[in-house]
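A.B. asks:
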Amino acid sequence: MRTIIFRTIAPYLSALMVLFSIFVLLRGHNEPGGGFIGGLIAASALAIFGIACGVASVRRAIVFHPMGVSGFGLFLAAVAGIPSIFKAQAFMTSQWLELHVFGVEIALSTPLFFDIGVYLVVVGAIGSIALALEEREAD
Amino acid sequence: MTPALIDDTTLYAVLAPFAAAVVAPFLTRWFKHNAAWLLAIVPALIFLHFTGFVEPVSKGESFVAAKAWAPSYGVNFSVYVDGLSTLFALLISGIGTFIILYAGGYLKGHPQQGRFFSFLLMFMGSMLGLVLGNNLISLFIFWELTSITSFLLIGFDHLRAASRRAALQALVVTGGGGLALLAGFILIISATGEIEMSVLLASPDIIKDTTLYVPIFFLVLGGAFTKSAQFPFHFWLPNAMEAPTPVSAYLHSATMVKAGVYLLMRMHPLLGGTELWTTVLPLFGGITLLVGTILAVRQTDLKLMLAYTTVASLGLLVMLTGTSQEKALEGAVLYLLAHSLFKGALFMVAGTIDHEAGTRDITKLGGLRSAMPITFAAACLAALSMAGLPPFIGFIAKEVLYYGTWGWLELGLPITITAVIGNALMLVIAAAVAIKPFLGPKVETPKHAHEGPVLLFAGPVFLSVTGLGLALIAHTTGELFIGPTLSSLLGKTTQIELHLLPTSINAPLLLSLVTIGLGIALFTQIDRLRGLIGSVLTTIGWGPDKGFDQFVAGIVGLSWRITRLLQSGKMQTYMMLTFIFTGAAVLLPGFLTDSLPAMPKMPDYRFYEWGILLIAFFGLIAVLVANTRLTAIVSLGIQGFAVALIFMMFGAPDLSFTQFMVETLSVVILALVMTRLNLSPSDHRHGLAAIVTGIVAIGVGLGLTLTLLAITQQPFDSRLSDFFAQFSRSIAHGRNIVNVIIVDFRGFDTLGEIAVVVLAGLCVLALIRVRTKPEKPIEKPKTVAPPTPAQTGEAH
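Residue numbers (this note's numbering), protein chains in the order written: chain Y, 2 to 140; chain D, 119 to 914.
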């Protein structure tokens with residue numbers, strides 16, 4: 002597996018895949034995509050990077066333990082449901098905030114944060130399984 | 119009379135002890151044991167609050183207050199204040215005040231004293247919530263909270279095995295009864311449609327008229343009998359004496375164990391008076407009374423003697439409640455009040471003796487009267503009340519209850535005889551507890567005994583003096599406390615006349631004389647009696663306490679056998695069983711009900727659609743003929759990609775996208791798993807194994823196909839898709855309906871799903887990290903070894 006071509010290409014490929022996964026995540030509300038698919042793409046990126054350059058370098062690159070990322074995602078998704086409570090609406094009722102920055106309209110919403118949570122959960126969980134399997138000696 | 123609505127102060131009074139429980143550990147850190155003085159203010163204020171109800175309640179008024187809790191289920195946090203609940207609330211907060219003080223002295227310097235205060239206050243709040251509870255569900259919740267706090271308090275000294283066992287036993291018994299009670303309450307709610315006690319009490323026959331009366335009766339009884347330690351569930355109460363003495367005095371004599379009696383009294387207008395009631399309750403109450411007193415005589419440990427008489431007193435209360443006779447019920451209420459006062463005081467006396475002299479075995483105590491004069495005085499006052507001698511409240515209670523049972527035509531005689539024997543034995547114990555440690559020659563004790571601090575004697579003195587005082591103002595006591603409580607039991611306003619001394623020589627007075635005579639006669643023979651009972655029990659050699667251990671061991675053994683049956687530990691077996699059952703579940707209903715879907719007609723596909731189907735088909739063939747496992751896994755991926763293409767062509771880009779990713783990742787992960795497992799590269803199964811696996815696989819596949827066909831042949835209900843299509847843009851600001859459904863319309867589902875993903879990830883990670891170890895047979899779990907009788911204090 003560790004051919005020189007693969008090893009050279011893999012970091013760039015992974016970076017592109019992660020970038021693409023974020024693009025897919027953010028466009029999800031209006032075009033095909035979303036947190037789940039984005040998460041799967043990013044997890045594949047981690048797996049490829051791991052196969053090519055070793056698990057240790059992946060772990061260095063993502064700083065946090067993948068399961069920690071996953072747990073934070075779940076936390077973020079749950080927290081995204083809370084703001085509606087302060088407006089006396091049911092838990093998880095979506096809230097929208099339209100921001101105008103330099104003439105560009107940015108729609109911030111609780112479903113967006115929820116979707117980011119889903120993304121992180123999937124990257125973390127699948128990524129940590131893949132990495133753990135790639136490691137010959139479990140850490 | 120309909121209850122009047124009052125403000126929320128009473129609701130906060132119930133919650134106040136919980137708030138105090140939160141600050142108790144901090145106060146104890148700053149003020150050490152003197153925090154007791156501050157913490158006792160809380161129950162004292164609650165007591166004052168409830169004294170305000172005494173006067174209006176005695177005039178026949180009642181009050182309710184409520185806050186919505188889970189309104190969609192009709193669950194409210196609500197209180198109902200009438201005679202019965204006022205009496206209980208006063209006892210809980212009044213005795214509670216002194217228990218907090220006593221705990222300050224008793225556990226002085228204990229490193230976990232703050233935690234102890236905290237548990238004690240939590241219990242107090244739970245108990246208040248229970249006796250004031252109007253909503254059946256919130257009443258049940260407080261009922262369970264008392265079981266849980268009792269568990270924490272019994273197991274307070276958690277480093278000793280005996281304490282842990284006693285705590286667990288109490289929790290299992292009372293918790294089990296709690297479940298029965300919940301079932302009973304749910305039946306009441308479904309049979310009557312009412313959830314508030316005050317509403318139910320307004321129409322007393324509402325439950326008796328339903329067909330569910332008998333199951334409701336037995337389920338409620340299950341809760342009450344376990345909580346109030348009625349035979350044959352009495353064994354947990356003496357074991358609970360493992361708890362520090364303030365707990366024994368408060369929970370296991372004065373308040374918590376009376377919760378069952380409270381419930382029976384509260385439900386008396388609703389469930390009482392029937393033939394079932396007047397048969398079952400007196401029977402079990404009577405047995406409990408006799409068993410309790412007989413076992414009490416046998417003990418030499420002060421606390422255990424008192425514990426068994428508590429069991430007996432609870433039996434007496436249940437027996438009297440079971441008669442449904444007005445006068446006997448009056449006796450029950452009086453006895454309830456008297457018992458809480460004298461038993462609380464005596465327990466604290468026993469604790470003080472233990473604390474100051476270092477032992478509570480009456481054979482090792484004697485002559486403490488000069489060393490501990492105040493404690494001795496309190497013990498005497500309380501014991502005289504317990505023995506039922508004038509001029510104490512215990513005497514009045516005994517007179518009234520004899521009057522009630524004697525006058526009952528149907529079962530009066532056996533009940534009265536039981537009561538006389540029980541009371542005589544109670545007098546024996548009272549004398550033994552009050553006289554033996556204090557009078558006679560001085561005996562050397564492990565510690566040099568002297569009077570305890572004010573924190574220790576304040577409680578016993580106050581409670582025993584109250585027992586005397588309430589008797590001296592008998593007329594007022596009857597008017598303010600006993601009458602209103604009796605009204606709650608009878609469901610109608612009742613006036614009563616109480617007298618300190620009997621007005622004429624009548625049957626109850628003669629019965630009292632018989633009781634006293636019999637008691638004194640038995641007391642002189644106490645050692646012989648103890649030996650006799652001891653030898654009888656040794657001959658029987660089995661009791662419910664041992665039965666409990668056998669029951670627990672039986673359950674553990676059974677679950678072990680079932681686990682071994684279902685969990686063989688072989689992956690292949692698990693997979694096989696899972697697929698066989700899945701196949702059966704999807705196939706059988708169609709065949710059995712003869713509702714197989716019609717064969718679809720040959721579809722009119724275009725050539726490239728056929729092409730994709732062919733790719734999928736070849737992928738599957740490749741799986742079957744593959745030489746190595748790795749090839750099979752990759753081939754399975756071909757089929758998956760083909761399916762993803764089909765999704766794409768029929769307008770589901772999101773689904774298709776996801777399918778691609780899932781297929782890719784599962785091939786990668788399966789391949790990685792292959793490298794880690796020590797599997798041979800190819801599948802060696804041949805012959806029978808291959809045929810069986812093939813049949814199962816074809817069965818599951820066929821079943822799923824038929825299910826899918828059946829589903830697609832149903833007329834399509836477009837309500838949901840129309841709704842999503844219509845509102846996706848306007849409500850959720852999104853054009854991608856699939857994503858909008860996932861993150862918005864059904865976001866709560868997704869939240870659950872991603873929680874599952876996180877958990878699955880953790881589990882897989884844990885499994886990967888398990889190192890392969892040499893195979894070892896799974897050991898049968900050791901059942902908890904029952905402690906020796908010495909540890910549990912020879913409990914029966």
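Quick reminder that beta carbons are idealized off the backbone N, C-alpha and C, glycines included.
Whether or not the segment 319-336 of chain D and the segment 349-366 of chain D are in contact is what I'm after, with contact meaning three or more pairs of Cβ atoms, one per stretch, closer than 8 angstroms; do they touch?
C.D. replies: no
A.B. asks: What are the start and end residues of each continuous alpha helix (DSSP H) run of 4 or more residues lying completely inside the segment 150-194 of chain D, in chain order?
C.D. replies: 153-157, 159-176
A.B. asks: Check whether the Cβ atoms of I539 of chain D and A501 of chain D sit closer than 9 angstroms, and answer yes or no.
C.D. replies: no
A.B. asks: Taking the alpha carbon of L629 of chain D as the point to measure from, which residue in D:W524, D:P578, D:F699 has its own alpha carbon closest?
C.D. replies: D:W524
A.B. asks: Pull out every residue of the segment 61-80 of chain Y whose Cβ sits closer than 9 angstroms to any Cβ of chain C, in chain order.
C.D. replies: Annotation note: the requested chain C is absent from the structure, which comprises protein chains Y and D.
A.B. asks: Could you work out which residues of chain Y lie near M779 of chain D, taking near to mean beta carbons separated by less than 8 angstroms?
C.D. replies: I38, L41, I42, S45
A.B. asks: Quick check: L121 of chain Y and G82 of chain Y, are their CB atoms within less than 9 angstroms of each other?
C.D. replies: no
A.B. asks: Counting only Cβ-Cβ distances shorter than 9 angstroms, please list the residues of the segment 844-867 of chain D near chain Y, keeping chain order.
C.D. replies: I849, A850, H851, G852, R853, N854, V856, N857, V858, I860, V861, D862, G865, F866
A.B. asks: Can you tell me whether F669 of chain D is buried or exposed? The criterion is at least 16 other CB atoms within 10 Å of its CB, across all chains shown.
C.D. replies: exposed
A.B. asks: Distance, Cα to Cα, L145 of chain D vs Y220 of chain D?
C.D. replies: Rounded to whole angstroms, L145 of chain D to Y220 of chain D spans 16 angstroms at the Cα level.
A.B. asks: Rounded to the nearest angstrom, what separates F103 of chain Y and I860 of chain D at their Cα positions?
C.D. replies: 31 angstroms
A.B. asks: For K421 of chain D, count neighbouring Cβ atoms within 10 angstroms of its own Cβ and tell me buried if that reaches 16, exposed if not.
C.D. replies: buried
A.B. asks: Quick one: is D419 of chain D buried, meaning 16 or more other Cβ sit within 10 Å of its Cβ, or exposed?
C.D. replies: buried
A.B. asks: Let me check understanding here. Comparing Cα to Cα, which of Y:A131, Y:S129, Y:G125, Y:V80 lies closest to L110 of chain Y?
C.D. replies: A small correction: the amino acid at residue 110 of chain Y is Ser; Leu does not occupy that position in the sequence shown. Ranking Y:A131, Y:S129, Y:G125, Y:V80 by Cα distance to S110 of chain Y puts Y:V80 first.
A.B. asks: May I ask you to report which of helix, strand or coil DSSP gives A91 of chain Y?
C.D. replies: coil
A.B. asks: Just verifying my parser: in three-state terms, what is the DSSP assignment at A740 of chain D?
C.D. replies: helix
A.B. asks: Could you name each continuous alpha helix (DSSP H) segment of 4 residues or more that falls completely within the segment 251-302 of chain D, going from the start of the chain to the end?
C.D. replies: 254-272
A.B. asks: Output needed for A11 of chain Y: all residues of its chain with C-beta closer than 8 angstroms, excluding positions within five of it in sequence on either side, in chain order.
C.D. replies: Counting only Cβ-Cβ distances below 8 angstroms, and skipping sequence neighbours, we find I49, F50, I52, A53, C54.
A.B. asks: Any C-beta of chain D sitting closer than 9 angstroms to the C-beta of V102 of chain Y?
C.D. replies: no
A.B. asks: In angstroms with no decimal places, state the Cα-to-Cα distance between W97 of chain Y and F76 of chain Y.
C.D. replies: 20 angstroms
A.B. asks: Whose Cβ in chain Y lies nearer than 8 angstroms to the Cβ of I886 of chain D?
C.D. replies: Ordered by position in chain Y, the residues that pass the 8 angstroms Cβ test against I886 of chain D are I130, A133, L134, A139.
A.B. asks: Does the pairing of the segment 368-376 of chain D with the segment 455-470 of chain D give three or more beta-carbon distances under 8 angstroms?
C.D. replies: yes
A.B. asks: For R28 of chain Y, I'd like the list of residues in its chain whose CB is within less than 6 angstroms of its CB, leaving aside the five on either flank, ordered along the chain.
C.D. replies: For R28 of chain Y, same chain residues with a beta-carbon under 6 angstroms away, outside a window of 5 residues either side, are G34 in chain order.
A.B. asks: Is V365 of chain D near L271 of chain D, with beta carbons less than 9 angstroms apart?
C.D. replies: A contact, by the Cβ cut-off of 9 angstroms.
A.B. asks: If the cut-off is 9 angstroms on Cβ atoms, which residues from the segment 21-35 of chain Y count as contacting chain D, listed in chain order?
C.D. replies: V25, R28, G29, H30, N31, E32, P33, G34, G35
A.B. asks: Hey, how far is the Cα of T392 of chain D from the Cα of I217 of chain D?
C.D. replies: Taking the straight line joining both Cα atoms gives about 39 angstroms.
A.B. asks: Output the distance between the C-alpha atoms of G294 of chain D and M466 of chain D, rounded to the nearest integer angstrom.
C.D. replies: 30 angstroms
A.B. asks: Specify whether the segment 169-178 of chain D and the segment 246-253 of chain D touch according to this definition: at least 3 beta carbon pairs, one from each stretch, less than 8 angstroms apart.
C.D. replies: no
A.B. asks: With respect to the beta strand (DSSP E) encompassing S110 of chain Y, which residues constitute its N-terminal and C-terminal limits?
C.D. replies: 105-110
A.B. asks: For V467 of chain D, which residues in chain Y fall below 9 angstroms Cβ to Cβ?
C.D. replies: Per Cβ cutoff of 9 angstroms: no residues; V467 of chain D is ~53 angstroms from chain Y at best.
A.B. asks: H473 of chain D lies in the alpha helix (DSSP H); which residues open and close that run?
C.D. replies: From DSSP, the alpha helix (DSSP H) with H473 of chain D extends over 444-475.
A.B. asks: Out of curiosity, what's the CA-to-CA distance linking Q125 of chain Y and A57 of chain Y?
C.D. replies: For clarity, residue 125 of chain Y is Gly in the given sequence; the question names Gln instead. Rounded to whole angstroms, G125 of chain Y to A57 of chain Y spans 16 angstroms at the Cα level.
A.B. asks: So what does DSSP say about L136 of chain Y, is it helix, strand or coil?
C.D. replies: The residue you asked about is not Leu; residue 136 of chain Y is Glu in the sequence shown. Reduced to three states, the DSSP call for E136 of chain Y is coil.
A.B. asks: For V622 of chain D, which option in D:A843, D:V858, D:E517, D:E474 has the closest C-alpha, if you only look at C-alpha atoms?
C.D. replies: Note on residue identity: the sequence assigns Ser, not Val, to residue 622 of chain D. Of D:A843, D:V858, D:E517, D:E474, the residue nearest in Cα terms is D:E517.
A.B. asks: Locate the alpha helix (DSSP H) running through G572 of chain D, then write down its first and last residues.
C.D. replies: Reading off the sequence shown, one finds Val at residue 572 of chain D, where the question assumed Gly. From DSSP, the alpha helix (DSSP H) with V572 of chain D extends over 572-590.
A.B. asks: Do the CB positions of R856 of chain D and D722 of chain D come within less than 9 angstroms of each other?
C.D. replies: The sequence shown places Val at residue 856 of chain D, rather than the Arg named in the question. No. Outside cutoff.
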